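Participant:
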Amino acid sequence: MSVFLGTHQNRLDAKGRVSIPSAFRTALRTLARAGEPLVIMRPSHLHPCLEAWPSAAFSALARPLDEVDIFSEDHDDLATALYADAYPIDADKEGRILLPETLRAHAGLTEQVTFMGLGRIFQVWDPDAATRRREEARQRARRLTSGKTAASPAEGSA
C-alpha cells in the first residue's frame, strides 16, 4: 500500500510551479490509473491548506454523493463544495505541478511550500502555518489518547 509520509519543503517558482517530493510522486504514480490525472488538488474545508488526492481516493470521497437526491439542495451544496474548486493536475517532466492562483491564495502560498503526508492524501501548506498545524495536531492527539492504555494480557483474557 502506498502512503504519503513525512514533511517536506520545496520552493514555489514565479509561475506557481512546485516539485512534488519524490517519495510522494512515486506513491502517486503507483496509485495512478491510465487516463486519470496524477492528483486532484482542492482547498481544505478545515484548514488554510490544499489537499492532494490520488484520483481513486478522490472518487471514493465523492461516492457518498450518489446516495443523495441529485435534485436536492443538499446534493448541490455538497457537490459544489467538493468539485467546484477541485483541479486535476499532472506533473511535468521535472515532477513539477502548476498550482492555480485560486488554490495558492487559499493556502497563502508564496515562495516556499510544505508538503505534509497524511497517509492516503497529502496537504500543501505555507511553512509557518504547517508548523503551527503540526503542533496543534500533536497537542490534540495527546489529549485524545491520554488516559487510554492498552489492556493488559490478564484483562484481555477474562
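The letter at position 91 of the sequence shown is residue 91 when you use UniProt numbering, and the numbering goes up by one with no holes.
We put the beta carbon where it would ideally sit given N, CA and C, even for glycine.
Here the structure is a predicted model, which means the values were calculated and not measured.
1. For Leu98, which residues from the same chain have a beta carbon less than 6 Å from its beta carbon, with the 5 sequence-adjacent residues on both sides left out?
2. Hey, could you find the ends of the alpha helix (DSSP H) Pro127 is sitting in?
3. Mind checking Arg104: buried by the 16 CB within 10 Å criterion, or exposed?
4. So, helix, strand or coil for residue 160, using DSSP?
5. Using a threshold of 9 Å, state whether the C-beta atoms of Asp126 and Cys49 are closer than that.
6. Just to confirm my understanding: we take Gly108, look at its own chain, exclude 5 residues before and 5 after, and list those with CB closer than 8 Å. What are they?
7. Pull up the DSSP beta-bridge partners for Thr114, would you.
8. With a CB to CB cut of under 7 Å and the five nearest residues on each side skipped, what residues in its chain are close to Leu118?
9. Smallest Cα separation from Leu82: which of Ala91, Ser72, His45, Glu101?
10. My output table needs one value for residue 211: the three-state DSSP class, helix, strand or coil.
11. With a threshold of 7 Å on Cβ separation, who are the neighbours of Pro88 within its own chain once the five nearest residues in sequence on each side are excluded?
12. Return yes when the Cβ of Arg11 is within less than 9 Å of the Cβ of Gln139, no when it is not.
13. How far does the beta strand (DSSP E) with Glu51 in it extend, from its first residue to its last?
14. Which residues in the same chain have their Cβ closer than 6 Å to the Cβ of Ala137, if we skip the five residues on either side of it in sequence?
15. Can you tell which of Leu65, Pro54, Thr145 has its C-alpha closest to the C-alpha of Thr80?
16. Could you name the residues of the same chain whose beta carbon sits closer than 7 Å to that of Phe122, not counting the 5 residues immediately before and after it, in chain order?
Facilitator: Let me spell this out:
1. Cβ within range, chain order: Gly16, Arg17.
2. 127-145 is the span of the alpha helix (DSSP H), which, as asked, contains Pro127.
3. Buried, by the Cβ-count rule.
4. Given that the chain is displayed from residue 1 to residue 158, the structure contains no residue 160 and the question cannot be resolved.
5. Closer than 9 Å, so yes.
6. The answer, listed in chain order, is Pro48, Asp126, Ala129.
7. Thr114 pairs with Gln9, Trp125.
8. If we look at Leu118 and ignore the five residues flanking it on each side, its Cβ neighbours are Phe4.
9. Out of Ala91, Ser72, His45, Glu101, the CA that lies nearest to the CA of Leu82 is found in His45.
10. One cannot answer for residue 211 here, as it falls past the ends of the chain, which runs 1 to 158.
11. Within the same chain, Pro88 has close Cβ partners Pro37, Ile40.
12. Going by C-beta atoms, Gln139 is not nearer than 9 Å to Arg11.
13. Unbroken beta strand (DSSP E) run through Glu51: 50-53.
14. Here the set comprises nothing.
15. The residue with the shortest Cα to Cα distance from Thr80 is Leu65.
16. Excluding sequence neighbours, Phe122 sits near Phe4, Phe24, Ala52, Phe115, Met116.
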